[in-house]
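First comes the structure, then the notes that go with it.
This is the structure in structure tokens:
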């Protein structure tokens, strides 16, 4: 059930989630998205262009982060807007732990038309990786 | 290198039709690890009023970014695509993309500027059905990072 507009207040925190990102996830995302940029799967090329290691697609990180919102909504169709800046790469090591993306989100504004602004924080190794990550949702 | 300002405000011809397949949506949802039934199970989608399974919110990038990248590769624009990274991304939805949709994308260059040696191209892509119904508009900024040499 999508949460009711009347039941949430500014400052309400959505259930936080953690996402483990492994090399295999990036390869799979390459195939599903059609973005085969070599820096997302080849360490030799990634380091040769000055990156610390293979990095996740910004769009992959963006896709994971909004799950905190859509899981809470139930009906993803209640999402009206979603945007962010890609401020820091998510570095994905070649090991069995991968990178861990921690995503929190809270309601930062309630508007007159039953819509609410949600501010999302996505971080990896205690550093935020998305800037101005915000979603607008319409609640019943 | 400064970007060609003549591109600003320019709209490009609509893309070829993108046919949204149910299995493509499932593949994408699985690739991002999202098991929300509305992305996988037609009955779960129908319970929410959708004609078929819907796509996760960022699926729209598959449809729209091709159009934007096509523009960015235009040699007359002056963007060094080998140095391009994704700067920011925003989606404004009228409704979720749904399996069975036939979508066309129209890209428009909104700005082309150079900041601290980085070329920044902002483009809008309007995604509609072939019948003209608006589905989603995407706003993308791609950045060609400055070359290593000072003053380049």
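Chains as they are written, first to last, in our numbering: chain A, 2 to 141; chain B, 100 to 251.
Note that CB positions come from ideal geometry on N, CA and C, so glycine has one too.
These numbers come from a predicted model, not from an experiment.
Comparing C-alpha positions only, which one of the options sits nearest to residue i?
| i | options | result |
| --- | --- | --- |
| residue 131 of chain A | A:137, A:141 and A:90 | A:90 |
| residue 70 of chain A | B:182, B:145 and B:133 | B:133 |
| residue 14 of chain A | A:119, A:125, A:99 and A:51 | A:119 |
| residue 125 of chain A | A:8, A:87, A:136 and A:114 | A:87 |
| residue 224 of chain B | B:113, B:217, B:122 and B:105 | B:113 |
| residue 222 of chain B | B:110, B:105, B:149 and B:103 | B:110 |
| residue 151 of chain B | B:157, B:122 and B:183 | B:122 |
| residue 244 of chain B | B:200, B:229 and B:183 | B:183 |
| residue 194 of chain B | B:129, B:107, B:131 and B:158 | B:158 |
| residue 186 of chain B | B:105, B:246 and B:242 | B:242 |
| residue 12 of chain A | A:121, A:18 and A:34 | A:121 |
| residue 16 of chain A | A:75, A:128 and A:24 | A:75 |
| residue 149 of chain B | B:198, B:231, B:107 and B:209 | B:198 |
| residue 246 of chain B | A:85, A:127 and A:51 | A:51 |
So residue i contacts chain B; which residues on that side make the cut at Cβ distance below 8 angstroms?
| i | result |
| --- | --- |
| residue 72 of chain A | 135 |
| residue 63 of chain A | 157 and 188 |
| residue 60 of chain A | 157, 160, 185 and 188 |
| residue 87 of chain A | 184, 185, 186, 187 and 188 |
Chain B partners of residue i, CB-CB under 7 angstroms?
| i | result |
| --- | --- |
| residue 125 of chain A | Correct list: empty, because the minimum Cβ distance to chain B is about 16 angstroms. |
| residue 33 of chain A | 126, 127 and 130 |
| residue 68 of chain A | 133 |
| residue 6 of chain A | By Cβ distance, chain B contributes nothing, its closest Cβ being about 18 angstroms from residue 6 of chain A, past 7 angstroms. |
| residue 29 of chain A | 130 |
For residue i and residue j, which I take to be in contact (beta-carbon distance under 8 angstroms), what is that distance rounded to the nearest angstrom?
| i | j | result |
| --- | --- | --- |
| residue 207 of chain B | residue 163 of chain B | Contact flag wrong, Cβ pair sits at about 11 angstroms. |
| residue 4 of chain A | residue 135 of chain B | Rounded, the Cβ-Cβ distance is 16 angstroms, inconsistent with contact. |
| residue 160 of chain B | residue 60 of chain A | 5 angstroms |
| residue 1 of chain A | residue 73 of chain A | Beyond the ends of chain A as shown, which are 2 and 141, falls residue 1 of chain A; an answer cannot be given. |
| residue 6 of chain A | residue 141 of chain A | 7 angstroms |
| residue 138 of chain A | residue 116 of chain A | 7 angstroms |
| residue 62 of chain A | residue 123 of chain A | 6 angstroms |
| residue 202 of chain B | residue 227 of chain B | 7 angstroms |
| residue 252 of chain B | residue 220 of chain B | Given that chain B is displayed from residue 100 to residue 251, the structure contains no residue 252 of chain B and the question cannot be resolved. |
| residue 124 of chain B | residue 154 of chain B | 5 angstroms |
| residue 102 of chain B | residue 218 of chain B | 5 angstroms |
By the criterion of Cβ-Cβ separation under 7 angstroms, what are the contact partners of residue i in chain A?
| i | result |
| --- | --- |
| residue 195 of chain B | 77 and 78 |
| residue 152 of chain B | Chain A residues near residue 152 of chain B: none, gap ~11 angstroms exceeds 7 angstroms. |
Buried or exposed: which applies to residue i, given that a residue is buried once 16 or more other Cβ atoms fall within 10 Å of its Cβ?
| i | result |
| --- | --- |
| residue 30 of chain A | buried |
| residue 68 of chain A | buried |
| residue 10 of chain A | exposed |
| residue 169 of chain B | exposed |
| residue 180 of chain B | exposed |
| residue 20 of chain A | buried |
| residue 127 of chain B | buried |
| residue 2 of chain A | exposed |
| residue 152 of chain A | Outside the shown range of chain A (2 to 141) lies residue 152 of chain A, about which nothing can therefore be said. |
| residue 57 of chain A | buried |
| residue 26 of chain A | buried |
| residue 99 of chain A | buried |
| residue 156 of chain B | buried |
| residue 130 of chain B | buried |
| residue 114 of chain A | exposed |
| residue 96 of chain A | exposed |
| residue 230 of chain B | exposed |
| residue 8 of chain A | exposed |
| residue 133 of chain A | exposed |
Under 9 angstroms Cβ-Cβ, which residues of chain B neighbour residue i?
| i | result |
| --- | --- |
| residue 23 of chain A | Per Cβ cutoff of 9 angstroms: no residues; residue 23 of chain A is ~10 angstroms from chain B at best. |
Kindly list, in the order they appear in chain A, the residues whose Cβ is closer than 9 angstroms to that of residue i.
| i | result |
| --- | --- |
| residue 191 of chain B | 81, 82, 83, 84 and 137 |
| residue 220 of chain B | Here the premise fails: no neighbours, minimum Cβ distance about 15 angstroms. |
| residue 202 of chain B | Within 9 angstroms Cβ-Cβ: nothing; residue 202 of chain B doesn't reach chain A, min ~15 angstroms. |
Determine the chain A residues that contact residue i at a beta-carbon separation under 8 angstroms, and present them in chain order.
| i | result |
| --- | --- |
| residue 178 of chain B | In chain order: nothing, as chain A lies at least about 16 angstroms away. |
| residue 102 of chain B | Within 8 angstroms Cβ-Cβ: nothing; residue 102 of chain B doesn't reach chain A, min ~20 angstroms. |
Looking at the ligand PLP, does it come within less than 7 angstroms of residue i, judged from the CB to the closest heavy atom?
| i | result |
| --- | --- |
| residue 64 of chain A | With respect to the ligand PLP, the structure offers nothing, as it holds no ligand at all. |
Inter-stretch contact at 8 angstroms, needing at least 3 Cβ pairs: the stretch 96-107 of chain A / the stretch 75-85 of chain A: Under the 8 angstroms Cβ criterion, the stretch 96-107 of chain A does not count as touching the stretch 75-85 of chain A, having fewer than three qualifying pairs.
Three or more C-beta pairs below 8 angstroms linking the stretch 213-220 of chain B and the stretch 139-159 of chain B: No: fewer than three Cβ pairs fall under 8 angstroms.
Touching by the beta-carbon criterion (3+ pairs, under 8 angstroms), the stretch 222-236 of chain B and the stretch 177-193 of chain B: Flag = yes, the stretch 222-236 of chain B and the stretch 177-193 of chain B touch.
Three or more C-beta pairs below 8 angstroms linking the stretch 109-128 of chain A and the stretch 173-183 of chain B: Contact between the stretch 109-128 of chain A and the stretch 173-183 of chain B is absent, because fewer than three Cβ pairs lie under 8 angstroms.
Sufficient close CB pairs (3 or more, under 8 angstroms) joining the stretch 108-119 of chain B to the stretch 43-63 of chain A: By the criterion of at least three beta-carbon pairs nearer than 8 angstroms, the stretch 108-119 of chain B is not in contact with the stretch 43-63 of chain A.
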